[in-house]
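Residue numbers (my numbering): 29 to 242.
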């Protein structure tokens, strides 16, 4: 049932017929809920699976996405999650329906115009993951206090690990205590930078990391 807290001619809140009204980012939004009795087309089924695949990727890291796509969503009625979903559905799905899956190398977990990570490397040392990147005292001086954001997605689909405020860009190094058993399996790694004033973010950079054989 819909309510009109602002009077008969004010904005409604809830469902009236096939219309749903609600507030989103401070704005009143109304949308139509459609119903169809027709069998879904192959295109519709593929889109539905694409959405499912991307949601399985994004939902466990929503805290990171809320920062990583914050600046894409500024001035919009859409949430950060919507922008991340749209980008990854278009750019980071591989295969043909019904065998669609994530292409992690093309996925993005942050999007912005801040200078990205340069020459990213990853080294496994016992229980520790050591990340390194290039830093130039002259060209990177203005962004020296950016903070690293790091995401690890493991091959066995265990809970992801992410870091929202890591080392300074000027340090050129991030060490994470992960655990030797966890690091024994391959994982997908994403690293980006968040500005000191938290007003901008870089695009995420990707690495596929495997432990070297002894």
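In this text, a Cβ means the ideal position worked out from N, Cα and C, and glycines have one as well.
Looking at 163, 201 and 213, the one whose alpha-carbon comes closest to that of residue 185 is 213.
Three or more Cβ pairs closer than 8 Å define a contact, and the stretch 210 to 226 falls short of that threshold against the stretch 109 to 125. Under DSSP, residue 177 takes part in a beta bridge, and its partners are 220.
The DSSP-derived three-state label of residue 131 is coil. When secondary structure is reduced to three states using DSSP, residue 105 falls in the coil class, being assigned neither helix nor strand. Contact between residue 86 and residue 112 holds: CB atoms are separated by about 6 Å, below the 8 Å threshold. The C-beta separation of residue 229 from residue 142 comes to about 6 Å, placing the pair in contact by the 8 Å criterion. For residue 238, there is no enclosing alpha helix (DSSP H), as DSSP marks it with neither H nor E.
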